[in-house]
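Residue numbers (our numbering): 6 to 250.
Only one structure is covered here, and it is reproduced in the block below.
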Amino acid sequence: MIRSICLYFLLAAFFVGDALSVFAQEHGREFAAEIEQRRMDIQTMQEEFEQEMERRRQDEGENFDEEAAQFERSMMDRQVQLDLEQIALEEEFHQRRLELDRQYQDLERERQEFWASRQRQDIENRRDEFEQEMERRRGEEGENFDEEAAQFERSMMDRQIALDEQRMAIEEEFNNRRQELGNSQRGQDPGEWERLDREQQERFEELDRRYQDLERERQEFWENHEKHDEDEEHHEDGEHDEDEE
Numbered sequence: 006m007i008r009s010i011c012l013y014f015l016l017a018a019f020f021v022g023d024a025l026s027v028f029a030q031e032h033g034r035e036f037a038a039e040i041e042q043r044r045m046d047i048q049t050m051q052e053e054f055e056q057e058m059e060r061r062r063q064d065e066g067e068n069f070d071e072e073a074a075q076f077e078r079s080m081m082d083r084q085v086q087l088d089l090e091q092i093a094l095e096e097e098f099h100q101r102r103l104e105l106d107r108q109y110q111d112l113e114r115e116r117q118e119f120w121a122s123r124q125r126q127d128i129e130n131r132r133d134e135f136e137q138e139m140e141r142r143r144g145e146e147g148e149n150f151d152e153e154a155a156q157f158e159r160s161m162m163d164r165q166i167a168l169d170e171q172r173m174a175i176e177e178e179f180n181n182r183r184q185e186l187g188n189s190q191r192g193q194d195p196g197e198w199e200r201l202d203r204e205q206q207e208r209f210e211e212l213d214r215r216y217q218d219l220e221r222e223r224q225e226f227w228e229n230h231e232k233h234d235e236d237e238e239h240h241e242d243g244e245h246d247e248d249e250e
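Given below as structure tokens:
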């Protein structure tokens, strides 16, 4: 149950975190380049305005309309001020967006650490509960306690825990790889994310096959064990009947 809940939240975290990382990666450098270009365009516009006014002043001489030129200059200056304010506002929004991105990533890391800790604690609890249960049964059943079956179940538990730990390691590995991909140029290629998802899915499928093999081995053991017990009972019943004759 804990593993399923953990997987759900990790996948949700990956989805949100990856989307935000891609957003930051794709728009960070483009945004900076765009802002720089817009500032250069404003400067160019001012220079071209002054050059055009000077040309017209030379061409028109005393017919040059100084009042209109001053008016247009004031309009341009006010427009430039508005453009610069808009740029500053967009830069502020961009920085807030990046900060929000970092907060999402911090939230994702906190979620992952919580569920990883819960998984590790769950594993320790399963070990403790198993040993306590075996000790209780050993005390109650005495010489009838099935030591062979207990040792087999302990080995099954250890092997299942090893698989659980491998699943946790895979989740951590691909989480790190997603973060690295989101912070790299390759993160802009959707195919890279698809390949990463496929690789993780293949690793999980292989792990699931090993879980299934383990369960089959457990079932076979108990089928053979029960058959052996039945054979022993029949043998003992036969000996008892011969003694009575």
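From the three backbone atoms N, C-alpha and C, an ideal C-beta is built for every residue, glycine too.
All values derive from a computational prediction rather than experimental measurement.
Proximity below 8 Å, CB of residue i to CB of residue j
{"i": "ALA154", "j": "HIS230", "result": "yes"}
{"i": "GLN51", "j": "VAL85", "result": "yes"}
{"i": "GLN126", "j": "ILE175", "result": "no"}
{"i": "MET161", "j": "ARG221", "result": "no"}
{"i": "PHE69", "j": "ARG60", "result": "no"}
{"i": "ARG43", "j": "ILE92", "result": "yes"}
Whole-angstrom distance between residue j and residue i, CA atom to CA atom
{"i": "GLU210", "j": "ARG102", "result": "37 Å"}
{"i": "GLU41", "j": "GLU95", "result": "12 Å"}
{"i": "TYR13", "j": "ARG116", "result": "Unreliable placement is indicated for TYR13, whose pLDDT of 43 sits below 50; the coordinate value is still reported in the next sentence. Approximately 11 Å between the Cα atoms of the pair."}
{"i": "GLY33", "j": "ASP82", "result": "29 Å"}
{"i": "ASP169", "j": "GLU39", "result": "48 Å"}
{"i": "ARG159", "j": "PHE119", "result": "28 Å"}
{"i": "GLY144", "j": "TRP227", "result": "22 Å"}
{"i": "ARG215", "j": "ARG142", "result": "30 Å"}
{"i": "GLY196", "j": "GLU138", "result": "50 Å"}
{"i": "PHE76", "j": "GLN100", "result": "36 Å"}
{"i": "PHE28", "j": "ILE128", "result": "Low local confidence applies: a pLDDT of 47 at PHE28 is under 50, so the model's placement there is unreliable, with the coordinate-based value given in what follows. For PHE28 and ILE128, the distance between alpha carbons rounds to 37 Å."}
{"i": "GLU97", "j": "ARG107", "result": "15 Å"}
{"i": "PHE135", "j": "ARG208", "result": "29 Å"}
{"i": "GLU90", "j": "ARG78", "result": "18 Å"}
{"i": "ALA167", "j": "ARG132", "result": "12 Å"}
{"i": "LEU105", "j": "ASN188", "result": "16 Å"}
{"i": "ARG191", "j": "GLN217", "result": "36 Å"}
{"i": "PHE36", "j": "GLU72", "result": "39 Å"}
N-terminal and C-terminal residue of the alpha helix (DSSP H) that residue i is part of
{"i": "GLU67", "result": "First-last for GLU67: undefined, no H or E at that position."}
{"i": "GLY187", "result": "152-187"}
{"i": "ARG114", "result": "71-146"}
Nearest to residue i (by Cα), restricted to the options the options
{"i": "GLU178", "options": "PHE54, ALA121, GLU97", "result": "ALA121"}
{"i": "ARG182", "options": "GLU199, ILE166, LEU168", "result": "GLU199"}
{"i": "MET80", "options": "GLU197, PHE54, GLN184, TYR216", "result": "PHE54"}
{"i": "GLU113", "options": "GLU146, ASN180, LEU212", "result": "ASN180"}
{"i": "GLN48", "options": "GLU152, PHE157, GLU71, ASP88", "result": "ASP88"}
{"i": "TYR109", "options": "ARG203, ASP218, GLN184", "result": "GLN184"}
{"i": "GLN165", "options": "LEU219, PHE157, ASP202", "result": "LEU219"}
beta-carbon residue i near the ligand MG non-hydrogen atom, thresh 7 Å
{"i": "ASN188", "result": "What this structure holds is no ligand at all, so the ligand MG is not there to describe."}
Environment of residue i [buried if 16+ CB atoms lie within 10 Å]
{"i": "ASN130", "result": "exposed"}
{"i": "ARG172", "result": "buried"}
{"i": "ASP163", "result": "exposed"}
{"i": "LEU186", "result": "buried"}
{"i": "GLY260", "result": "With the chain covering 6 to 250 only, the question about residue 260 has no answer from this structure."}
{"i": "GLY66", "result": "exposed"}
8 Å Cβ cutoff, residue i in contact with chain B
{"i": "MET45", "result": "Absent from the structure is chain B; it holds one protein chain and no more."}
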